[in-house]
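Numbering (the UniProt record's numbering), first residue to last: 1 to 436.
For each residue, glycine too, the CB sits at the ideal point set by N, CA and C.
It should be emphasised that the depicted structure is a prediction, and the values quoted were computed from it without experimental measurement.
Written out below as structure tokens is the structure these notes cover.
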Ligand SMILES: *[C@@H]1O[C@H](CO)[C@@H](O)[C@H](O)[C@H]1NC(C)=O
Ligand SMILES: *[C@@H]1O[C@H](CO)[C@@H](O)[C@H](O)[C@H]1NC(C)=O
Ligand SMILES: [Fe+2]
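What follows is the structure in structure tokens.
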């Protein structure tokens, strides 16, 4: 008893010394998982409404109903309550041990006008929602936040994103942190609905989406059922990798947790997708995946090396402007890099796995800071990528400092097409794309 007390006193003393010696701002603790009030709904009432781009001028509306007979149509129009069009969709559901999902509806609407507000209703039931379609041309703004989860900090991040003007939300993996507890996918869906029903959420999978149980449950069962992305529209056979184009930007979503070697389906699809990219039409090329390749945080150190070894030569030859990754719960931005060092014709890598999940921040870094690492900080926050025109984009990172969105890092990024790098790369790219 007494030794315990002494130990405690010594520990407290040590802690207070380290606290006074430390001069830098001390990051707040992770916040608790939110407990949304259980809000019973009419069985046919749409829940967890979210939208995603589904090919040129189309949008996929996804929602869940408890009623397994509820229909999958969406009515929509450009003025409130006046639905001039409607579309019929598909539905799915899944079982996970003792959990049975609701009916998960996916309905594609369109063709839609660019930069236009539409009002819509799901399955003829419940409230009216509104969405805004992305612009046809620059400028276009992406909000970026990975590793979201559903804690108090997630809510703060989402509130800050809500305050900014953006067209599309990009999420480089780790959505709900349901971690096998399937009802948490439902609470996550409810948490994000106010934002995700209004702007397209384009997501790719992280490790927390996997949720496989050997011999019983396949990987990504829940994720694929709930967060259907435009893989068919982009010639992919898997929801784990796909691409889309918006206002002069070609965005490629890759999967860190599916095969990526040169003989894999993902790699073949990626080559086919790159061969279709026309840099006159889409001067910007952006890639997302979950596990960062350039990471100077102790957390998940080296985990991206296998994928980097397999895919970086093609990434470089294709002239990818920007990579957005998650997984590490901190923020880091690199110089243009290739093969482990700065290269003026390389890619800027940004790790933004700091959405606010229950696991907290990754605070330990490698020292010295690698030459390619320009900015790193372990705080929750979100990013904004404003692509102004074919040559200039403004990137900013907003830290959730004491609940205020503080713009902490900002930089102009110029596109590779304006650098003269692409002409030199063309030969290398053709060579890789021609290899069967
Ligand atoms: C379920 O949906 C069907 C089709 O809309 C409807 O006829 C039925 O009354 C609904 N059941 C419940 C319990 O709401
Ligand atoms: C693109 O935007 C940048 C930053 O606003 C500006 O300096 C540049 O002149 C623009 N270029 C073109 C071609 O409009
Ligand atoms: Fe992760």
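Checklist entry - Listed in chain order, which residues are found with a beta carbon closer than 5 angstroms to a heavy atom of ligand 3? => result 174, 206, 207, 327
Next on the checklist: For residue 75 and residue 121, which I take to be in contact (beta-carbon distance under 8 angstroms), what is that distance rounded to the nearest angstrom?
Outcome noted: 5 angstroms
Item to check | Cβ-Cβ separation, residue 144 to residue 383 (assumed contact under 8 angstroms), whole Å | outcome: 4 angstroms
Checklist entry - Do you know how far the Cα of residue 269 is from the Cα of residue 337? => result 24 angstroms
Checklist entry - Roughly how many angstroms lie between the CA atoms of residue 286 and residue 335, to the nearest whole one? => result 15 angstroms
Next on the checklist: Can you tell me whether residue 88 is helix, strand or coil according to DSSP?
Outcome noted: strand
Checklist entry - Would a C-beta distance cut-off of 8 angstroms place residue 178 and residue 235 closer than the cut-off? => result no
Item to check | Neighbourhood of residue 221 by C-beta, 8 angstroms cutoff - its chain only, sequence neighbours within 5 removed | outcome: 94, 96, 211, 212
Checklist entry - Just curious, the alpha helix (DSSP H) that residue 421 is in, first and last residue? => result 421-434
Next on the checklist: So if I measure from each beta-carbon to every heavy atom of ligand 1 and keep distances below 5 angstroms, which residues remain?
Outcome noted: 43, 44, 67, 69, 70
Next on the checklist: Using a 10 Å radius around the Cβ and a threshold of 16 neighbouring Cβ atoms, would you call residue 412 buried or exposed?
Outcome noted: exposed
Checklist entry - What are the boundary residues of the beta strand (DSSP E) that residue 306 is part of? => result Note, residue 306: premise wrong, no beta strand (DSSP E); alpha helix (DSSP H) at 305-318.
Checklist entry - Does residue 114 come within less than 8 angstroms of chain C when only Cβ atoms are used? => result Within the model displayed, chain C is absent; a lone protein chain is all it includes.
Item to check | Candidates 200, 170, 387, of which the one nearest residue 147 by Cα | outcome: 170
Item to check | Per-residue DSSP class, three states only, for residue 188 | outcome: helix
Checklist entry - Mind pulling the beta strand (DSSP E) runs of 3 or more residues that sit fully within the segment 237-277? => result 242-246, 249-253
Checklist entry - Are residue 152 and residue 333 close, meaning C-beta to C-beta below 8 angstroms? => result no
Next on the checklist: Is residue 204 a contact residue of ligand 2, with contact defined as CB to any heavy atom under 7 angstroms?
Outcome noted: no
Checklist entry - So residue 120 is in the alpha helix (DSSP H); what residue range does that whole segment cover? => result Residue 120 -> not in any alpha helix (DSSP H); beta strand (DSSP E) instead, spanning 117-122.
Next on the checklist: Does the beta-carbon of residue 386, which I'm using as the reference point, lie nearer than 7 angstroms to any heavy atom of ligand 2?
Outcome noted: no
Next on the checklist: Using CA atoms only, rank isn't needed, just tell me which of 369, 313, 253 is closest to residue 296.
Outcome noted: 369
Checklist entry - Is the segment 222-230 close to the segment 172-188, with three or more CB pairs under 8 angstroms? => result yes
Item to check | Residue of 314, 201, 306 minimising C-alpha distance to residue 59 | outcome: 201
Checklist entry - Under the criterion of a Cβ to heavy atom distance below 7 angstroms, does residue 392 qualify as lining ligand 2? => result yes
Item to check | Alpha-carbon spacing of residue 407 relative to residue 358, whole angstroms | outcome: 23 angstroms
Checklist entry - Under 8 angstroms, do residue 390 and residue 350 count as touching if we go by C-beta distance? => result no
Checklist entry - Assuming residue 129 and residue 197 make a contact with CB atoms under 8 angstroms, what is their CB distance in whole Å? => result 5 angstroms
Checklist entry - What first and last residue would you give for the beta strand (DSSP E) that runs through residue 349? => result 347-352
Checklist entry - How long is the line joining the alpha carbons of residue 393 and residue 142, rounded to whole angstroms? => result 11 angstroms
Item to check | residue 290 and residue 206 closer than 8 angstroms at C-beta | outcome: yes
Next on the checklist: Cutting at 6 angstroms between CB atoms, please list the residues of its own chain near residue 433, excluding the five before and the five after it.
Outcome noted: 271, 275
Checklist entry - To the nearest angstrom, how far is it from the Cα of residue 429 to the Cα of residue 436? => result 13 angstroms
Item to check | C-alpha gap between residue 103 and residue 422, whole angstroms | outcome: 47 angstroms
Checklist entry - When the Cα atoms are used, what is the spatial distance from residue 195 to residue 431? => result 43 angstroms
Checklist entry - What is the rounded straight-line gap between the Cα of residue 267 and the Cα of residue 308? => result 12 angstroms
Next on the checklist: On a Cα-Cα basis, can you pick out the residue from 415, 380, 426 that is closest to residue 404?
Outcome noted: 380
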